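Colleague: All letters in the sequence shown, in the order written, are residues -33 to -1, 1 to 451 by mature numbering (1 follows the signal peptide of the UniProt record, and there is no 0).
Glycine included, C-beta positions come from ideal geometry on N, C-alpha and C.
Everything numeric in this text was worked out from a predicted model, so none of it was measured.
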Amino acid sequence: MEFLWKTLMRIHVIRTFFALLLVALLSSEGVESRKAKVVTTSLEYNAINCRAHSASLTDFGGVGDGKASNTKAFQSAISHLSQYASEGGSQLYVPAGKWLTGSFSLTSHFTLYLDKDAVLLASQDITEWPVLEPLPSYGRGRDAPAGRFTSLIFGTNLTDVIVTGENGTIDGQGEFWWQQFHRKKLKYTRPYLIELMFSDNIQISNLTLLNSPSWNVHPVYSSNIIVQGITIFAPVTSPNTDGINPDSCTNVRIEDCYIVSGDDCVAVKSGWDEYGIKFGWPTKQLMIRRLTCISPYSATIALGSEMSGGIQDVRAEDITAIQTESGVRIKTAVGRGGYVKDIYVKRMTLHTMKWAFKMTGDYNSHADSHYDPNALPEIKNINYRDVVAENVTIAARFQGISNDPFTGICIANVTLRMAAKAKKQPWTCTDIEGMTSGVTPPPCGLLPDQGPEKITACDFPADSLPIDMLELKKCTTTMTFVGV
Ligand SMILES: *[C@@H]1O[C@H](CO)[C@@H](O)[C@H](O)[C@H]1NC(C)=O
Ligand SMILES: *[C@@H]1O[C@H](CO)[C@@H](O)[C@H](O)[C@H]1NC(C)=O
Ligand SMILES: *[C@@H]1O[C@H](CO)[C@@H](O)[C@H](O)[C@H]1NC(C)=O
Ligand SMILES: *[C@@H]1O[C@H](CO)[C@@H](O)[C@H](O)[C@H]1NC(C)=O
Ligand SMILES: *[C@@H]1O[C@H](CO)[C@@H](O)[C@H](O)[C@H]1NC(C)=O
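Below, the structure is given as structure tokens:
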């Protein structure tokens, strides 16, 4: 006993752990079959910051049987760990098991770490999902005008927050929500899996996200964000299961993600019509790289349709899409205002696509009837290069807005091999202006071919974004906790 005690003293553990260990040891004397065991594990991962304090969900009464609700265990664990924010921060370890939970909120200087065999199961008890006000830049919820259910993992006004794991799983059990959506039974907008609002220094990495009720990852009004190594699966017919949606965010890096979903794999947004114009928070300085997407009814990368706060300086490279409706899609409408400009996409490999490129100004879904018909979006400086595609039905649909043309479109070194059943006219172009070089099939007259010597003429930036300078630290922790 004394030996065990001394050993434990050398390990940096929190007070709650000792309290629970004592309870466990005392109670185990009488009830042999319920003997709690002390487990030691070491965590190794790369992160924007390492943490000084650790605890396990089981230290707070978590039960990983897939049946008991762990909402209170998450809430009390995170509330307890929040006291270490100014003392080196803390991490909460979720061990192997099935952890049913409703919505819970994160804290600052905090890491939520999922074991490789941990599965968070989203509760289907509606009382476990508090309701929030609509987002100010949208004016209303997307499924219903009133409030919106809080995301499964939520955070607002935080700094330095990480959700990671060794490819541990978060399962939204979305079927329940999709049915309510289809039957028009929702009083509020469906929850997302992970949402961080008004936050700075965010890392979401090495997780598998399954069957989200709606969008998967939604950073909004936030900055300095890394989303890395995320695998997302949702049925390709599930409603609005967008992959990753940076929304009014600055300095974002999305990399090494694999997404199969029922909506856009990455959808870049910044608010809706008059609400987004008034709020005025753009998304800018966004890098998307090494993304693989399968989404037969939606886009690999969508910009909009909610882009009223503006979208600027988006860079995408090494993008692969298979059986996806479109490669890059810009969606906007009269009434949106805002802008989409300085977009640079290179090295896309596409297979079986309806449209390689799509850009339209008639995406007329409005928050309400009060949108300003004079609020015209500005779409300019859109660059695509080094694209190879197979089995394409339509090369591009480029449809600007009359008296508001989309300008500065530059496409170079693009080879689109058309499907046997391709449309006769591969390009449709109206109210646009730009140029091309080295593009097959030959583009429309509004994008005149400048000849092969202009193949590097699209002006891609040579600098890096500030988020690319950020290097992750190697974090190693040995922690001891009450096993189950
Ligand atoms: C994610 O896991 C991969 C290995 O599977 C590793 O190389 C990478 O550093 C991890 N990323 C983070 C942010 O932990
Ligand atoms: C969070 O930050 C926003 C923007 O600074 C502010 O308007 C809001 O009141 C803050 N919310 C909370 C809960 O502190
Ligand atoms: C993570 O898990 C998913 C689902 O099992 C799998 O498809 C994916 O390949 C895994 N990723 C890594 C990096 O192991
Ligand atoms: C080409 O695309 C069509 C759908 O447009 C699909 O049915 C067909 O299987 C694809 N062919 C190949 C070789 O992938
Ligand atoms: C054209 O694109 C292909 C791949 O898509 C690339 O290998 C090649 O280097 C590019 N050519 C130029 C001149 O950049």
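1) DSSP three-state label for Phe27, please.
2) Below 8 Å on the Cβ atoms is my guess for Trp239 versus Ser118; work out the distance and round it to an integer in Å.
3) Mapping DSSP to helix, strand and coil, what is Glu54?
4) Please work out which residues of its chain come closer than 6 Å, Cβ to Cβ, to Asp285, disregarding the five sequence neighbours upstream and downstream, and give them in chain order.
5) Specify which residues have a beta carbon nearer than 6 Å to any heavy atom of ligand 2, listing them in chain order.
6) Roughly how many angstroms separate the alpha carbons of Pro408 and Tyr351, rounded to a whole number?
7) Counting along the chain, where does the beta strand (DSSP E) carrying His337 start and finish?
8) May I ask which residues mark the beginning and end of the alpha helix (DSSP H) holding Phe427?
9) Is Gly229 a contact residue of ligand 1, with contact defined as CB to any heavy atom under 6 Å?
10) Around ligand 3, what residues have a beta-carbon under 5 Å from a heavy atom of it, in chain order?
11) Output yes or no for whether 7 Å exceeds the beta carbon distance between Leu69 and Glu95.
12) Since Thr444 and Ser21 should fall inside the 8 Å C-beta cutoff, what is the C-beta to C-beta distance between them, to a whole number of angstroms?
13) If you reduce the DSSP assignment to three classes, tell me which class Gln195 lands in.
14) Skipping 5 residues on each side, what residues in its chain have a beta carbon closer than 8 Å to that of Asp92?
15) Return helix, strand or coil for Pro415, following the three-state DSSP convention.
16) Using a Cβ-Cβ cut-off of 6 Å (strictly less than) and excluding sequence neighbours within five positions of Trp66, which residues of its own chain qualify?
17) Between Pro344, Asp167, Leu102 and Asp110, which lies nearest to Asn16 when the distance is taken from Cα to Cα?
18) Ala379 lies in the beta strand (DSSP E); which residues open and close that run?
19) Give me the residue from Val281, Thr208, Ser179 and Ala429 with the minimum Cα distance to Val235.
20) Once DSSP output is grouped into helix, strand and coil, what is the label at Met436?
21) From Thr156 to Val98, what distance separates their C-alpha atoms?
22) By DSSP, does Glu420 sit in helix, in strand, or in coil?
23) If the criterion is Cβ atoms closer than 7 Å, does the pair Ile221 and Gly210 meet it?
Modeller: Taking the geometry as given:
1) On the sequence shown, residue 27 is found 60 positions in, with the first residue counted as 1. Helix, per DSSP.
2) Numbered from 1 along the sequence shown, position 272 holds the residue referred to as residue 239. Numbered from 1 along the sequence shown, position 151 holds the residue referred to as residue 118. About 19 Å; that fails the 8 Å criterion.
3) The sequence position of residue 54 within the sequence shown is 87, counting from 1. In the structure shown, Glu54 sits in coil (DSSP, three-state: anything other than H, G, I, E or B).
4) Within the sequence shown, numbered from 1, the residue matching residue 285 stands at position 318. Excluding positions up to five away in sequence, the list reads Arg256, Arg257 and Arg314.
5) Thr123, Asn124 and Phe165
6) Taking the sequence shown and counting its residues from 1, the one referred to as residue 408 is at position 441. Taking the sequence shown and counting its residues from 1, the one referred to as residue 351 is at position 384. Approximately 15 Å, taken between the alpha carbons.
7) The sequence position of residue 337 within the sequence shown is 370, counting from 1. No beta strand (DSSP E) contains His337, which DSSP labels as neither H nor E.
8) Taking the sequence shown and counting its residues from 1, the one referred to as residue 427 is at position 460. Looking at the DSSP string, Phe427 is not in any alpha helix (DSSP H), and its letter there is neither H nor E.
9) Here residue 229 is taken as the residue at index 262 of the sequence shown, counted from 1. No.
10) Asn134, Thr175 and Thr198
11) For the purposes of this step, residue 69 is taken as the residue at position 102 of the sequence shown. For the purposes of this step, residue 95 is taken as the residue at position 128 of the sequence shown. Strictly speaking, residue 69 in this sequence is Gly, with Leu absent from that position. Yes, these two residues count as a Cβ contact at 7 Å.
12) Walking along the sequence shown from the start, residue 444 turns up at place 477. Walking along the sequence shown from the start, residue 21 turns up at place 54. The Cβ separation is near 5 Å, so the contact holds.
13) Translated into the one-based positions of the sequence shown, residue 195 becomes position 228. Strand, per DSSP.
14) Residue mapping note: residue 92 aligns to position 125 of the sequence shown, counting from 1. Only Ser36 and Gly69 meet the Cβ criterion.
15) Locating residue 415 in the sequence shown gives position 448, where the first residue counts as 1. It is coil, neither helix nor strand.
16) To locate residue 66, count along the sequence shown from 1; it is residue 99. Once the five neighbours on either side are set aside, the close Cβ partners of Trp66 are Gly31, Asn37 and Leu87.
17) For the purposes of this step, residue 16 is taken as the residue at position 49 of the sequence shown. When only C-alpha atoms are compared, the closest one is Asp167.
18) Along the sequence shown, read from residue 1 onward, the residue named residue 379 stands at position 412. Run containing Ala379: Phe373 to Met385, per the beta strand (DSSP E) assignment.
19) By one-based count along the sequence shown, residue 235 stands at place 268. Taking only the C-alpha atoms, the option nearest Val235 is Val281.
20) As a working note, residue 436 is residue 469 in the sequence shown. In the structure shown, Met436 sits in a helix (DSSP, three-state: H, G or I).
21) For the purposes of this step, residue 156 is taken as the residue at position 189 of the sequence shown. For the purposes of this step, residue 98 is taken as the residue at position 131 of the sequence shown. So the alpha carbons of these two residues sit roughly 9 Å apart.
22) As a position in the sequence shown, residue 420 is number 453, starting the count at 1. Helix, per DSSP.
23) Here residue 221 is taken as the residue at index 254 of the sequence shown, counted from 1. Here residue 210 is taken as the residue at index 243 of the sequence shown, counted from 1. Not closer than 7 Å, so no.
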